[in-house]
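Student: Read in my numbering, the sequence shown has 153 at position 153, and its numbers run on one by one without any break. Attaching a single structure in structure tokens format; questions to follow.
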Amino acid sequence: MTDSTTERTPLTERIAAAPISWGVCEVPGWGWQHEPPTVLTQMRELGIAATEFGPDGFLPDSAEGKAATLAEYGLAAVGQFVPVVLHDPAVDPLPVVEAAMAGLVAARATTVVIAAATGQEGYDARPELDDAGWSTLLGNLDRIADAAAAQGLTATLHPHVGTMVESGEETDRVLAGSRIGLCLDTGHLLIGGGDPVRVAVEHPDRIAHMHLKDVDLAWARKVQEGAASYTDAVAAGMYVALGEGDVDITAIVTSLEGAGYAGWYVLEQDTILAGDPEDPATPKGAGDPVADVRTSIAHLGEVASGLAGARTDGEEG
Numbered sequence: 001m002t003d004s005t006t007e008r009t010p011l012t013e014r015i016a017a018a019p020i021s022w023g024v025c026e027v028p029g030w031g032w033q034h035e036p037p038t039v040l041t042q043m044r045e046l047g048i049a050a051t052e053f054g055p056d057g058f059l060p061d062s063a064e065g066k067a068a069t070l071a072e073y074g075l076a077a078v079g080q081f082v083p084v085v086l087h088d089p090a091v092d093p094l095p096v097v098e099a100a101m102a103g104l105v106a107a108r109a110t111t112v113v114i115a116a117a118t119g120q121e122g123y124d125a126r127p128e129l130d131d132a133g134w135s136t137l138l139g140n141l142d143r144i145a146d147a148a149a150a151q152g153l154t155a156t157l158h159p160h161v162g163t164m165v166e167s168g169e170e171t172d173r174v175l176a177g178s179r180i181g182l183c184l185d186t187g188h189l190l191i192g193g194g195d196p197v198r199v200a201v202e203h204p205d206r207i208a209h210m211h212l213k214d215v216d217l218a219w220a221r222k223v224q225e226g227a228a229s230y231t232d233a234v235a236a237g238m239y240v241a242l243g244e245g246d247v248d249i250t251a252i253v254t255s256l257e258g259a260g261y262a263g264w265y266v267l268e269q270d271t272i273l274a275g276d277p278e279d280p281a282t283p284k285g286a287g288d289p290v291a292d293v294r295t296s297i298a299h300l301g302e303v304a305s306g307l308a309g310a311r312t313d314g315e316e317g
């Protein structure tokens, strides 16, 4: 975080993307997925300046390969989503995280985004975590934060549906019990029963990275009630373009910018594609990443314009 009086890069120049908006996900059987050249080309055509790495296998395995591929498409590197088991004392998460950090350092990225994986496949179920598990998890988060800082990176914990930290209460426990920064994912926190606006207002100093999502609340309620699995809800369109759902994106961004947030806003619309949107055989309404990302960029631009207008009015007053 920076002081709100510090000169910052304009908000519209801090918009990044993630391959999950193109249906690219680490979960086996997630859906039809675009190849990297298509995703990276479309990001640049949309005016996106930077991206997260995406899941293992999307970019080359080597640190140098990741950096070279992004440079080829004129994209800066932001960070990487790294799901690791944190609650099991028999599992050391550091080797996996350090391997990811090597790629981030090579590509001059800034952030490692940790999710507290369950150790199971997918995000549709999770075990209960006892006090001993919580103690191990929180201790590992501090170890990861220190390891990242030693590499010149910022480590963040990403509350995520179907992981050991998904709800507002669990997020608060992380904030109170560890030193790690927070990746505020506005969609996952809402679906997990938390309030992303409250977190943005009460803990702006702990938010080191942003995943901006909008959500159809009706589908989120079905997931919360157990009437639909997370995966089925995503496939049905639970995530929507910014401004088309029930997350108060304006309130969240306004709070962060007012508190001096100078980091990236990563547009993430978790998507499961039934097929190539360009293929006439793909059912209509099956998802169009380019159209949705374009809508999200426009909405965030409107939020930025509103903030700029408010500052101008305040100065004149």
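Built from N, CA and C at the ideal position, the CB exists for glycine as well. The model shown is predicted, which means the values in this text are computed figures rather than measured ones.
1) If distances are taken between C-alpha atoms only, which option among Thr250, Arg221 and Leu217 comes closest to Val240?
2) Which of the three DSSP states, helix, strand or coil, is assigned to Gly79?
3) Using CA coordinates, which residue listed in Ser167, Asp131 and Ser62 is at the minimum distance from Val105?
4) Once the 5 residues before and after Val223 are set aside, which same chain residues still bring their CB inside 8 Å of it?
5) Taking only runs that begin and end inside the segment 155–181, name each unbroken alpha helix (DSSP H) of 4 or more residues, in chain order.
6) Any contact between the segment 193–206 and the segment 67–81? By contact I mean 3 or more CB pairs, one from each, below 8 Å.
7) What first and last residue would you give for the beta strand (DSSP E) that runs through Ile20?
8) Mapping DSSP to helix, strand and coil, what is Thr111?
9) I'd like to know if Ala68 contacts chain B, where contact means its C-beta is closer than 9 Å to some C-beta of that chain.
10) Answer yes if the segment 123–138 comes into contact with the segment 193–204, meaning at least three C-beta pairs across the two stretches below 8 Å, and no otherwise.
11) Mind listing, in chain order, the continuous alpha helix (DSSP H) runs of no fewer than 4 residues lying wholly within the segment 239–287?
12) Looking at the secondary structure, which residues open and close the alpha helix (DSSP H) in which Ala67 lies?
13) Would you tell me roughly how many angstroms separate the C-alpha atoms of Val97 and Val82, rounded to the nearest one?
14) Tell me Thr379's beta-bridge partners as DSSP assigns them.
15) Is it buried or exposed, Asp270, if we count other Cβ atoms within 10 angstroms and call 16 or more buried?
16) Who are Asp214's beta bridge partners in DSSP?
17) Going by C-alpha to C-alpha distance, which of His188, Thr136 and Ala227 sits closest to Met210?
18) Using beta-carbon positions only, say whether Thr171 and Glu244 come within less than 9 Å of one another.
19) Confirm, please, whether the CB-CB distance from Val199 to Gly152 is below 9 Å.
20) By how many angstroms is the C-alpha of Ile272 removed from the C-alpha of Ala235?
21) So, with DSSP's three-state summary, where would you put Ser305?
22) Within the same chain, show all residues whose beta-carbon is closer than 6 Å to that of Leu138, passing over the 5 residues directly before and after it, in chain order.
23) Locate the alpha helix (DSSP H) running through Glu35, then write down its first and last residues.
24) On the premise that Ala16 lies in contact with Val266, defined as a C-beta separation below 8 Å, what is that separation, rounded to the nearest angstrom?
25) If you follow the alpha helix (DSSP H) that Val230 is in, where does it begin and where does it stop?
26) Is it true that the CB of Leu86 sits closer than 9 Å to the CB of Thr12?
27) Considering only the alpha carbon of each residue, which of Leu300, Ile249 and Met101 lies closest to Leu184?
28) Rounded to a whole number of angstroms, what is the C-alpha to C-alpha distance between Arg8 and Thr254?
29) Excluding sequence positions up to five away, which residues of its chain have a Cβ less than 7 Å from the Cβ of Gly193?
30) Straight-line CA distance for Gly29 to Phe58?
31) Among the candidates Trp22, Ala90 and Cys25, whose CA atom is the shortest distance from the CA of Ala132?
32) Note down the Cα distance separating Asp92 from Ile48, rounded to an integer number of angstroms.
Tutor: According to the data block:
1) Leu217
2) strand
3) Ser62
4) Val161, Ile191, Ser229, Tyr230, Ala233 and Met238
5) 168–177
6) no
7) Unbroken run through Ile20: none, as it is neither H nor E.
8) strand
9) Absent from the structure is chain B; it holds one protein chain and no more.
10) no
11) 249–258
12) Ala63 to Glu72
13) 7 Å
14) In the structure as shown, the chain begins at 1 and stops at 317. Residue 379 is therefore absent and cannot be evaluated.
15) buried
16) Val240
17) His188
18) no
19) no
20) 5 Å
21) helix
22) Gly177 and Ser178
23) Unbroken run through Glu35: none, as it is neither H nor E.
24) 5 Å
25) Correcting the residue identity first, residue 230 is Tyr in this sequence and not Val. Segment Tyr230 to Ala235, the alpha helix (DSSP H) holding Tyr230.
26) no
27) Ile249
28) 15 Å
29) Ser167, Gly168 and Gln224
30) 15 Å
31) Ala90
32) 35 Å
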